[in-house]
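Residue numbers (our numbering): 952 to 1280.
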């Protein structure tokens, strides 16, 4: 009687198809390609400013009086009146890179994310160096100019850091982290979108509907992201809380920055600026600030979307179970 053949261990070649099957949605991309994605994303973030011709805004501390058309080219709109615009231009670049990585699904996600981040940093770093070189060359010498440049540089560095945070959140495999990234970027993205209309339109010809849409867009983005994220596991409820809090606080922060740094009377008087900032923040965060309807809309969109997705999931599960029972009969 013949002896049964001993079982052969599964070879690496035979196991390879299962590995490829598990990673069938992921792509092998070179670091250069990923870096190029970061470069293009960084340029996309700066695009609303670059399409204007990128002439430096008029400066209060400029060494000599010039017309706006005589200002030098600057890759960033460095001005105390453009601080929130700087945040939008920088952070959208990082967010675009993170979103692109999520669409491309590269293998070795962490290394891929760092490669894309290097591309974004290359663009933003080069733009920062060029812009500050131009500003420093044209400002009148003195401590006021030094303080002005240092303050702008601190703001740009903070914006670059926020850009990297957005990149890593949106490139994550975790739906919760992606939803946090959307919550962080909702207001800057709306501001960035408005810049396109403002910069490409003639003075005073921006359609009245644009500010209205920009006001409500962050709530729709946050609500959609939370609906997609869901509440399972229950720790994602924290994501809902944080995103809704960001939707409440970030618009107020943008308004406060524009008012405080856009007022020349108190510029440099840090005590008065701090008092004004507290007053404006208190007003914009209060009932009259308009944050309540935004949060309510985002919550309504999130609940409606999450409920719809849950019904769909249960319907699919029920249909699959019915088919299994039918096949077994």
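Cβ atoms here follow ideal geometry from the backbone N, Cα and C, with glycine treated the same way.
Nearest in C-alpha terms to residue 1069, of all of 1082, 1206, 1044 and 1087, is 1044. The Cβ atoms of residue 1121 and residue 1129 lie closer than 8 Å to each other. Here DSSP, grouped into helix, strand and coil, assigns residue 1263 to helix. Distance between residue 1103 and residue 1086, taken at the CA atoms: about 10 Å.
Beyond the five residues adjoining it in sequence on each side, residue 1199 comes within less than 6 Å, by CB distance, of 1242 and 1246 in the same chain, given in chain order. Residue 1169 has its alpha-carbon roughly 24 Å from the corresponding atom of residue 1261. Runs of the alpha helix (DSSP H) lying entirely within the segment 1088-1128, each at least 4 residues long, are 1094-1121 in chain order. Closest in C-alpha terms to residue 1001, from the list 1036, 1017, 981 and 1021, comes 1036. Rounded to the nearest whole angstrom, the C-alpha separation of residue 1012 and residue 1194 is 39 Å. Ranking 1038, 1065 and 1183 by CA distance to the CA of residue 987 puts 1065 first.
The closest CA to that of residue 1114, considering only 1264, 978 and 989, is found on 989.
Fewer than three beta-carbon pairs drawn from the segment 1206-1215 and the segment 1172-1186 are found closer than 8 Å, and the two stretches are therefore not classed as touching.
Counting only the Cα atoms, residue 1088 lies some 9 Å from residue 1014. By the neighbour-count definition (other C-beta atoms within 10 Å, threshold 16), residue 1028 is a buried residue. A check of alpha carbon separations from residue 1125 across 992, 1110 and 1061 identifies 1061 as the nearest.
DSSP places residue 1209 inside the alpha helix (DSSP H), whose first and last residues are 1187-1212. Apart from the 5 residues on each side of it in sequence, residue 993 sits with its Cβ closer than 6 Å to the Cβ of 1044, 1071, 1074 and 1075 in its chain, given in chain order. A straight line joining the alpha-carbon of residue 1143 with that of residue 1046 spans about 12 Å. Looking only at 1232, 1052 and 1163, the smallest Cα-Cα distance to residue 1211 is reached by 1232. Partner residues in the beta bridge of residue 1024, as assigned by DSSP, are 1006. Per DSSP, residue 980 lies in no alpha helix (DSSP H) segment and is marked neither H nor E.
The continuous alpha helix (DSSP H) containing residue 1162 extends over residues 1160-1180. Distances from the alpha-carbon of residue 1098 to those of 1127, 1259 and 1030 put 1030 closest.
DSSP, read as helix, strand or coil, puts residue 1184 in coil. Within the DSSP bridge table, the entry for residue 1057 names 978 as partners.
8 Å or more divides the Cβ of residue 996 from the Cβ of residue 1034. A residue is called buried when at least 16 other Cβ atoms come within 10 angstroms of its Cβ; residue 1016 does not meet this threshold and is exposed.
Residue 1080 and residue 1008 have their C-alpha atoms spaced approximately 17 Å apart.
Residue 1140 is a Cβ neighbour of residue 1172, given a cutoff of 8 Å. Taking 8 Å as the cut-off, the Cβ atoms of residue 1096 and residue 1090 count as close.
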